[in-house]
Amino acid sequence: SGMSQDPGEELVEGLDKMEEVLSLDQFDPPNEAGSEIGKELRDYFNLLGLPIELISHSFSFLSMEDRLRAAGVNKRLKGIELASKYYVERVLIEEAEEIPKEIKEWMMMMRNAVDGDDGDDNEEDLDFYDVKISQRITFHKGKSYSSDCIRRIAQNASIKILEIQLYGSEEFHRDIFNLIKEFDGIKYLEVGIKGKDKEMLREMMVDSYLLGLTKSCKFLYLNVSESVSEKVTPDALHQLCKDMTDGSTNFCNLAINSLRKDRCIELLKLVGIIYRDDTFFSSKEIEVYERRAPDDSVRSYSIIDGAIEFMINCDIFECAYGGFIICLHKTRDSLKEVRNREGYFRIDISPE
Amino acid sequence: RIYPLMRVTLTTSDGASVTVSRQLTKHSGFIEKAITDMAVDDNAVPLSAVAVDVDDATLKLVIEWLTEHRDDALPYPEKTDEERRADDIPAWDQAFVQKWDTKEDQQQTLYAVITAADKLDIKGLLDMTCKTLANKINGKTVEEMREILQLECDFTEEELAEIRKENAWCEN
Numbered sequence: 001s002g003m004s005q006d007p008g009e010e011l012v013e014g015l016d017k018m019e020e021v022l023s024l025d026q027f028d029p030p031n032e033a034g035s036e037i038g039k040e041l042r043d044y045f046n047l048l049g050l051p052i053e054l055i056s057h058s059f060s061f062l063s064m065e066d067r068l069r070a071a072g073v074n075k076r077l078k079g080i081e082l083a084s085k086y087y088v089e090r091v092l093i094e095e096a097e098e099i100p101k102e103i104k105e106w107m108m109m110m111r112n113a114v115d116g117d118d119g120d121d122n123e124e125d126l127d128f129y130d131v132k133i134s135q136r137i138t139f140h141k142g143k144s145y146s147s148d149c150i151r152r153i154a155q156n157a158s159i160k161i162l163e164i165q166l167y168g169s170e171e172f173h174r175d176i177f178n179l180i181k182e183f184d185g186i187k188y189l190e191v192g193i194k195g196k197d198k199e200m201l202r203e204m205m206v207d208s209y210l211l212g213l214t215k216s217c218k219f220l221y222l223n224v225s226e227s228v229s230e231k232v233t234p235d236a237l238h239q240l241c242k243d244m245t246d247g248s249t250n251f252c253n254l255a256i257n258s259l260r261k262d263r264c265i266e267l268l269k270l271v272g273i274i275y276r277d278d279t280f281f282s283s284k285e286i287e288v289y290e291r292r293a294p295d296d297s298v299r300s301y302s303i304i305d306g307a308i309e310f311m312i313n314c315d316i317f318e319c320a321y322g323g324f325i326i327c328l329h330k331t332r333d334s335l336k337e338v339r340n341r342e343g344y345f346r347i348d349i350s351p352e
Numbered sequence: 001r002i003y004p005l006m007r008v009t010l011t012t013s014d015g016a017s018v019t020v021s022r023q024l025t026k027h028s029g030f031i032e033k034a035i036t037d038m039a040v041d042d043n044a045v046p047l048s049a050v051a052v053d054v055d056d057a058t059l060k061l062v063i064e065w066l067t068e069h070r071d072d073a074l075p076y077p078e079k080t081d082e083e084r085r086a087d088d089i090p091a092w093d094q095a096f097v098q099k100w101d102t103k104e105d106q107q108q109t110l111y112a113v114i115t116a117a118d119k120l121d122i123k124g125l126l127d128m129t130c131k132t133l134a135n136k137i138n139g140k141t142v143e144e145m146r147e148i149l150q151l152e153c154d155f156t157e158e159e160l161a162e163i164r165k166e167n168a169w170c171e172n
């Protein structure tokens with residue numbers, strides 16, 4: 001063709017660009033001369049002339065920090081901000097300190113345990129430590145803060161990963177721990193408290209608080225000391241199992257870094273599984289898989305009871321505590337993975 | 001399904017008119033709906049007329065943007081449960097905005113294009129221009145935001161103290 005004779009001529013695929021648009025030069029002149037963009041706005045223009053939805057849409061591209069600051073500009077923006085919802089990939093509420101290595105390792109373990117938890121392929125991308133922290137809320141000890149910003153976030157944000165790492169016990173921390181329950185639609189929630197004084201979280205960790213936390217998220221990791229996890233009752237866990245099974249909650253995975261072994265055993269008893277002298281007894285159709293460390297010092301059990309899996313990981317001879325997970329498997333594939341988990345072998349159970 | 005040769009004549013709020021390919025107008029929810037409402041046979045009636053409530057200078061910019069983006073995927077991929085960011089505006093769009101979003105212009109064209117994108121329901125253009133607006137206050141202090149947006153503070157001293165306390169963690 002004539003066009004291809006000129007190597008510098010770039011062809012638009014299919015149709016020539018100018019033909020397609022006809023030409024901008026073909027714009028017929030307007031009736032009145034001197035049309036200017038936004039001429040009617042010239043005298044009083046500012047961006048607040050935009051409809052609320054458009055301001056809200058623009059702000060939805062900003063970080064949480066920017067948005068909370070923007071709410072301090074004037075009353076109108078504050079009103080718009082209060083009414084806008086937003087999505088945050090990962091929030092870390094912390095008192096400045098790095099996450100210890102061993103906790104990161106734990107997290108990886110938990111992640112392996114929950115892979116494919118609800119059969120949604122995207123779920124596999126939930127790689128906790130690859131998701132960059134898009135929001136880091138850092139409180140410095142000794143400074144005075146208001147927990148209202150957390151309340152605002154609780155009301156407005158949908159969050160993929162929320163981590164809370166606070167130290168010691170102060171009234172402000174109590175407010176924050178209470179506010180976690182007001183969050184809605186968090187995918188992954190990690191609650192932890194450090195420092196010597198865990199009394200506050202221990203005091204708060206009643207059944208209703210734990211169940212309240214599970215209402216605000218899909219995956220809860222309690223990264224707490226034994227004195228706090230001691231307050232977690234078999235009854236509360238049993239209730240949670242029932243809620244997860246009958247679909248009355250979106251919650252699907254609870255992980256506790258350290259739970260008393262006898263509590264695990266009591267819970268199993270409540271669901272109809274007896275553990276005695278290294279043997280599982282049940283009249284239910286359950287499957288038990290076991291993994292032993294080479295020196296047999298640590299044993300892990302994975303117990304499948306319908307769609308629920310219990311995982312217990314403990315140094316069975318020395319320690320009264322172990323890691324504990326309750327997981328709801330929503331698909332057959334997810335259960336199949338449990339059955340084929342590396343290092344685990346099915347063991348016999350005895351009828352009651 | 002859309003016949004590339006089909007034309008649409010757009011009449012602006014100030015009486016100008018321009019004829020463009022359906023390849024461009026298919027990205028405008030408003031124009032698409034207007035054409036659908038006319039229930040015309042794409043083959044039988046090759047030219048449709050749609051009145052738009054946008055002035056002709058703004059419409060020229062909209063058409064320029066649509067021409068560049070005529071091959072964008074449809075339907076426009078809307079992000080709901082996904083993190084939104086303002087720093088992913090494509091290079092062509094950035095250069096396009098820089099041509100007219102000048103200091104002298106005082107954001108009037110931006111205002112006009114955002115409004116036009118909203119009226120014509122062109123989601124890609126709306127997102128891009130709203131991101132441009134967001135970028136203006138990204139990382140700015142409250143005082144800077146007031147200046148950029150030309151807004152007066154109308155909080156009382158007490159309310160300001162409360163806000164400062166609330167935002168203590170994010171004051172820069």
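Residue numbers (full-length UniProt numbering), protein chains in the order written: chain X, 1 to 352; chain P, 1 to 172.
Each residue gets a CB set at the ideal place from its N, CA and C atoms; glycine is no exception.
This one's a predicted model, so the numbers in the text were calculated from it and none came from an experiment.
From which residue to which residue does the alpha helix (DSSP H) around residue i run?
i, result
"P:Asn167", "That residue, P:Asn167, is in no alpha helix (DSSP H); it is neither H nor E in DSSP."
"P:Ile31", "Gly29 to Asp37"
"X:Ile52", "Ile52 to Phe59"
"X:Ile326", "Premise fails: X:Ile326 lies in the beta strand (DSSP E), Tyr321 to Leu328, not in any alpha helix (DSSP H)."
"P:Ile114", "Gln108 to Lys119"
"X:Arg76", "Lys75 to Ala83"
"P:Cys130", "Lys123 to Ile137"
"P:Thr11", "Element bounds for P:Thr11: not the alpha helix (DSSP H) but the beta strand (DSSP E), Arg7 to Thr11."
"P:Arg85", "That residue, P:Arg85, is in no alpha helix (DSSP H); it is neither H nor E in DSSP."
"X:Glu203", "Glu199 to Met204"
"P:Leu61", "Asp56 to Glu68"
"P:Glu78", "Neither: P:Glu78 is in no alpha helix (DSSP H) and is coded neither H nor E."
"P:Val52", "Note, P:Val52: premise wrong, no alpha helix (DSSP H); not H, not E."
"X:Leu92", "Not the alpha helix (DSSP H): X:Leu92 falls in the beta strand (DSSP E), residues Tyr86 to Glu95."
"X:Arg67", "Met64 to Ala70"
"X:Arg332", "Arg332 to Arg339"
"P:Gln94", "Ala91 to Trp100"
"P:Leu149", "Val142 to Leu149"
"X:Lys226", "The sequence as given places Glu at residue 226 of chain X; Lys does not occur at that position. Note, X:Glu226: alpha helix (DSSP H), Glu226 to Ser229."
By the 10 Å Cβ neighbour count, where 16 or more other Cβ atoms means buried, how is residue i classified, buried or exposed?
i, result
"X:Arg339", "exposed"
"X:Gly192", "buried"
"P:Asp14", "buried"
"X:Arg346", "exposed"
"P:Val20", "buried"
"P:Glu158", "exposed"
"X:Asn122", "Confidence is the limiting factor: at X:Asn122 the pLDDT is only 43, short of 50, which leaves the residue's position unreliable, though a coordinate-based value still follows. When all chains shown are included, X:Asn122 counts as exposed."
"P:Ala44", "Note that P:Ala44 has pLDDT 49, beneath the 50 cutoff, so the model's placement of it is unreliable and no number is given."
"X:Tyr44", "Its pLDDT being 41, under 50, X:Tyr44 is placed unreliably by the model, and the measurement read from it follows with that caveat. Burial call: exposed."
"X:Gly323", "buried"
"P:Thr12", "buried"
"X:Gly247", "exposed"
"P:Trp92", "exposed"
"P:Val18", "buried"
"P:Leu110", "buried"
"X:Asp115", "Below a pLDDT of 50, predicted positions are generally treated as unreliable, and X:Asp115, at 45, falls in that range; no measurement from the model is reported."
"X:Ala293", "exposed"
"X:Ser302", "buried"
"X:Glu40", "With a pLDDT of only 45 at X:Glu40, under 50, the local geometry of the prediction cannot be trusted, and the value read off the model is given with reservation. X:Glu40 is exposed by the Cβ-count criterion."
"X:Pro351", "exposed"
"P:Gln107", "buried"
"X:Gly72", "buried"
"X:Ser334", "buried"
"X:Val88", "buried"
Since residue i is in the beta strand (DSSP E), which residue starts that stretch and which ends it?
i, result
"P:Thr17", "For clarity, residue 17 of chain P is Ser in the given sequence; the question names Thr instead. Unbroken beta strand (DSSP E) run through P:Ser17: Ser17 to Ser21."
"X:Asn223", "Cys217 to Asn223"
"X:Ile176", "Counting along the chain, X:Ile176 falls outside any beta strand (DSSP E), though it belongs to the alpha helix (DSSP H) covering Glu171 to Ile180."
"X:Ile347", "Phe345 to Ile347"
Would you call the segment 278-288 of chain X and the segment 224-232 of chain X in contact, with 3 or more CB pairs under 8 angstroms?
no
Could you run through the segment 148-165 of chain P and flag, in chain order, every residue whose CB is less than 7 angstroms away from some CB of chain X?
Listed in sequence order: Leu149, Gln150, Leu151, Glu152, Cys153, Asp154, Phe155, Ile163 and Lys165.
> Can you give, in chain order, each stretch of the alpha helix (DSSP H) that sits fully within the segment 137-161 of chain X and has at least 4 residues?
Replying inline: 148-156
Of the residues that make up the segment 172-204 of chain X, which ones have a beta carbon closer than 8 angstroms to any beta carbon in chain P? none
Interfacial residues, the segment 229-249 of chain X to chain P, with Cβ spacing under 7 angstroms = none
Taking contact to mean 3 or more Cβ pairs, one atom from each stretch, closer than 8 angstroms, check whether the segment 79-92 of chain X and the segment 148-166 of chain X are in contact. yes
Count Cβ pairs between the segment 28-40 of chain P and the segment 84-99 of chain P that sit closer than 8 angstroms; are there 3 or more? Taking 8 angstroms as the limit for Cβ pairs, the verdict is that the segment 84-99 of chain P does not touch the segment 28-40 of chain P.
### Contact residues within the segment 204-221 of chain X, judged by C-beta distance below 8 angstroms to chain P
none
What ranges does the beta strand (DSSP E) occupy inside the segment 236-320 of chain X, keeping only unbroken runs of at least 3 residues that lie completely in it? As summarised for the segment 236-320 of chain X, the continuous beta strand (DSSP E) elements at least 3 residues long and confined to that stretch are 253-260, 274-276, 279-281, 286-292, 299-305 and 308-314, given in chain order.
inquiry  = For the segment 101-121 of chain P, list every residue whose C-beta sits within 8 angstroms of some C-beta in chain X, in sequence order.
reply    = Gln106, Gln107, Gln108, Thr109, Tyr111, Ala112, Ile114, Thr115 and Asp118
> Does the segment 152-170 of chain P touch the segment 108-122 of chain P, meaning 3 or more C-beta pairs lie closer than 8 angstroms?
Replying inline: no
Checklist entry - What residues from the segment 69-83 of chain X come within 7 angstroms of chain P, judged by C-beta to C-beta, listed N to C? => result Arg69, Ala70, Gly72, Val73, Asn74 and Lys75
Any residues in the segment 48-73 of chain P with a beta carbon nearer than 9 angstroms to a beta carbon of chain X? Which ones, in chain order?
Asp55, Asp56, Ala57, Thr58, Leu59, Lys60, Leu61, Ile63, Glu64, Leu66, Thr67, Arg70 and Asp71
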